[in-house]
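Down below is the structure, laid out as structure tokens.
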Amino acid sequence: MTPHSIFIVDDDPAMRDALTLMLRGAGFRARAFVSADDFLGDLPTDASACVVTDVRMPGVEGPELVRRL
Numbered sequence: 001m002t003p004h005s006i007f008i009v010d011d012d013p014a015m016r017d018a019l020t021l022m023l024r025g026a027g028f029r030a031r032a033f034v035s036a037d038d039f040l041g042d043l044p045t046d047a048s049a050c051v052v053t054d055v056r057m058p059g060v061e062g063p064e065l066v067r068r069l
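Per my numbering, residue 1 is the first one in the sequence shown, and the count goes up by one each step.
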């Protein structure tokens, strides 16, 4: 079974790194992005994926990112 992908979008490097490490340790494919703009600019096409996003970030904030998806 292929592990599901989880995309982390967070401007805080410590939180981003911690989440990525924890999720990979749990067997998920985790990929991190520093901003919503970076994520949207390289929008992954995995059919079975989840996005974990910070709510408050510079530029596009988490709720707006979710609306754009």
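Virtual Cβ for every residue (Gly too), placed ideally from N, Cα, C.
Keep in mind it's a predicted model, so treat the numbers as computed, not measured.
Cβ neighbour criterion (16 or more within 10 Å) applied to residue i
i   : result
L65 : buried
T53 : buried
Helix, strand or coil at residue i [DSSP, three-state]
i   : result
V55 : coil
V66 : helix
M1  : Because the pLDDT of M1 is 44, which lies under 50, any placement of that residue in the model is unreliable, and the question is left without a value.
Rounded Cβ spacing between residue i and residue j (contact assumed at less than 8 Å)
i   : j   : result
P58 : D11 : 6 Å
P63 : V55 : 7 Å
I6  : F28 : 5 Å
L40 : R67 : Contact flag wrong, Cβ pair sits at about 11 Å.
Spatially closest choice to residue i from the options, by CA coordinates
i  : options            : result
H4 : A14, R24, M15, A18 : R24
Considering only residues of the stretch 15–41, which uninterrupted beta strand (DSSP E) runs meet the minimum length of 3 residues and lie entirely inside it, listed in chain order? Here the runs fully enclosed are 29–33.
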